[in-house]
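To start, the structure under review is shown below, and the notes come after it.
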Amino acid sequence: MATTIEQPVKTKAEPELLGFLAEFDDPNALIEASKKVRDAGYRNWDTHTPFPLHGIDEAMGIKWTILPWIVACCGLMGGTIAVGMQYWMNAVDYPFLISGKPLFSIPACIPIIFELSVLLAAFGAFFGMLGLNQLPKLYNPMFKSEAFRRVTNDRFFISMDAKDPKFSEIDTGEFLKSLNPTHVEEFWSDVESPKLPRNLKLALSIVGVLMIMPPALVAYKRSTTTNTPRIHIVPDMDFQPYLKTQNTTNVFPDGREIRPKVKGTIPRGQFKDDNIPFYYGLKYLP
1 MATTIEQPVK
11 TKAEPELLGF
21 LAEFDDPNAL
31 IEASKKVRDA
41 GYRNWDTHTP
51 FPLHGIDEAM
61 GIKWTILPWI
71 VACCGLMGGT
81 IAVGMQYWMN
91 AVDYPFLISG
101 KPLFSIPACI
111 PIIFELSVLL
121 AAFGAFFGML
131 GLNQLPKLYN
141 PMFKSEAFRR
151 VTNDRFFISM
161 DAKDPKFSEI
171 DTGEFLKSLN
181 PTHVEEFWSD
191 VESPKLPRNL
201 KLALSIVGVL
211 MIMPPALVAY
221 KRSTTTNTPR
231 IHIVPDMDFQ
241 PYLKTQNTTN
251 VFPDGREIRP
261 KVKGTIPRGQ
271 FKDDNIPFYY
281 GLKYLP
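Listed below in structure tokens is the structure:
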């Protein structure tokens with residue numbers, strides 16, 4: 001007698017509390033509330049404003065960023081690489097002996113030192129900023145809040161992360177309400193399926209096929225031969241009249257490309273005969 005094995009029923013994941021949002025309608029109220037959150041010992045929290053707010057860094061207790069040190073180290077590394085690279089190229093690997101000049105000279109290396117220093121410093125600033133801010137982060141559960149949409153207009157928010165060591169669903173919520181906000185709400189994790197939508201998969205497949213077609217066509221044309229001429233999209237560019245080196249041309253009857261001077265004329269810009277005083281301004285021609 002055959003036995004059937006029942007497949008386990010997949011239960012929908014329960015949403016997880018990720019934090020709280022406290023809304024304020026005044027920037028000064030946000031700064032005062034931020035000071036209280038800082039003094040309470042919370043660490044994983046942030047403020048959200050529609051414009052830069054002076055004094056918010058001090059109110060939150062944000063320390064000075066290490067980004068300038070990252071940029072400085074990258075710049076020094078770029079300058080060091082430039083000096084070492086040029087010394088190896090000019091003085092070791094392929095030295096040039098020119099009129100007794102030194103094989104390596106700092107003044108001649110300044111342009112490359114400057115360029116590599118600026119280049120690596122820019123890379124350090126860009127990627128360092130992304131790393132310190134934990135970017136890119138394309139989605140945040142707070143985006144589902146209807147109230148949070150006004151953060152780009154006229155509202156100010158404090159977000160408390162549930163990962164904070166002091167976070168408590170009851171105590172933290174009551175603490176935020178004691179800051180006199182206009183609104184306090186929870187934000188939860190998504191329980192939707194992480195699978196890509198079917199239409200998105202289809203669109204990505206089509207884009208992938210279209211991206212493969214040009215290099216595949218180029219590879220096919222380079223590896224095969226044909227008895228038919230290639231397509232000339234711009235025939236005027238492919239068949240323009242020009243002279244090939246050490247050959248005659250069919251454009252002019254004499255087979256030459258350079259045209260002789262036309263009798264009775266003077267080329268533009270060459271009217272400089274010493275016998276003509278008008279050119280030098282010795283005489284005035286009314």
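Read the sequence shown against our numbering and you will find it ends at 286, with the numbers running on by one and no gaps.
All C-beta atoms, glycine included, are put in the ideal place defined by N, C-alpha and C.
Three-way DSSP call (helix, strand, coil) for residue i in this model
| i | result |
| --- | --- |
| residue 82 | helix |
| residue 147 | helix |
| residue 138 | coil |
| residue 88 | helix |
| residue 158 | strand |
| residue 93 | helix |
Buried or exposed (CB count within 10 angstroms, at least 16 for buried), residue i
| i | result |
| --- | --- |
| residue 155 | buried |
| residue 146 | exposed |
| residue 187 | buried |
| residue 262 | exposed |
| residue 55 | exposed |
| residue 37 | buried |
| residue 160 | buried |
| residue 158 | buried |
| residue 205 | exposed |
| residue 79 | buried |
| residue 97 | exposed |
CA-to-CA distance, residue j to residue i, given in whole angstroms
| i | j | result |
| --- | --- | --- |
| residue 67 | residue 130 | 10 Å |
| residue 227 | residue 221 | 12 Å |
| residue 242 | residue 94 | 41 Å |
| residue 15 | residue 144 | 14 Å |
| residue 177 | residue 34 | 13 Å |
| residue 43 | residue 125 | 25 Å |
| residue 233 | residue 103 | 52 Å |
Counting beta carbon pairs with one atom in the segment 76 to 86 and one in the segment 105 to 113, are three or more of them shorter than 8 Å? yes
Three or more beta-carbon pairs under 8 Å between the segment 65 to 75 and the segment 114 to 122, yes or no? yes
Between the segment 48 to 65 and the segment 194 to 205, are three or more C-beta pairs nearer than 8 Å? no
Using 8 Å as the threshold, is the segment 165 to 181 in touch with the segment 14 to 28, meaning 3 or more CB pairs across them? yes
Take every Cβ of the segment 46 to 57, pair it with every Cβ of the segment 134 to 153, and state whether three or more of those distances are shorter than 8 Å. yes
Going residue by residue through the segment 160 to 223, where are the continuous alpha helix (DSSP H) segments of at least 4 residues, counting only ones entirely within it? 171 to 177, 198 to 223
Three or more beta-carbon pairs under 8 Å between the segment 182 to 194 and the segment 21 to 34, yes or no? yes
Restricting to runs no shorter than 4 residues, where is the alpha helix (DSSP H) found entirely within the segment 5 to 66? 27 to 39, 56 to 60
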